[in-house]
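Read in order, the letters of the sequence shown are residues -12 to 67 in the numbering used here. The beta carbon of each residue, even a glycine, is placed where N, CA and C say it ideally should be. Data block below; observations after.
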Amino acid sequence: AGELIHTATPVVAHPTLGNLKTSCYHCLAPLSARRKQEWVRTHAGGDGGGASGHFCGTTCAETAWHLYHEIETAVGDAAA
């Protein structure tokens, strides 16, 4: 076995565009592991902007809202 030489908390974790429809936008877990009724849509374009993806449930959606939604929106607005 190998020797652990480093651990770190990721600075950014985001599903690839190819996985946006199959992975939770926050925890990156496969959406197929949860019932579709539990999924929470991201704001998915329109007036809210944003990517068209899902959170695996309300816990991830609420965590994302509190941790980084405001920053992510500001960056997106600045890039537009």
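Could you work out which residue in the options is closest to residue i when comparing CA atoms only?
{"i": "asparagine 6", "options": "Leu15, Thr45 and Arg21", "result": "Leu15"}
{"i": "tyrosine 55", "options": "His1, Arg28 and Lys23", "result": "His1"}
{"i": "cysteine 43", "options": "Val62, Asp64, Glu57 and Glu25", "result": "Glu25"}
{"i": "alanine 20", "options": "His30, Thr3, Ala(-5) and His41", "result": "His41"}
{"i": "cysteine 11", "options": "Ala65, Ala67 and Thr50", "result": "Thr50"}
{"i": "arginine 22", "options": "Leu4, Thr45 and Thr29", "result": "Thr45"}
Buried or exposed: where does residue i fall if 16 or more other Cβ atoms within 10 Å of its Cβ makes it buried?
{"i": "glycine -11", "result": "exposed"}
{"i": "leucine 18", "result": "buried"}
{"i": "threonine 3", "result": "exposed"}
Could you name the residues of the same chain whose beta carbon sits closer than 6 Å to that of residue i, not counting the 5 residues immediately before and after it, in chain order?
{"i": "cysteine 47", "result": "Cys11, His13 and Cys14"}
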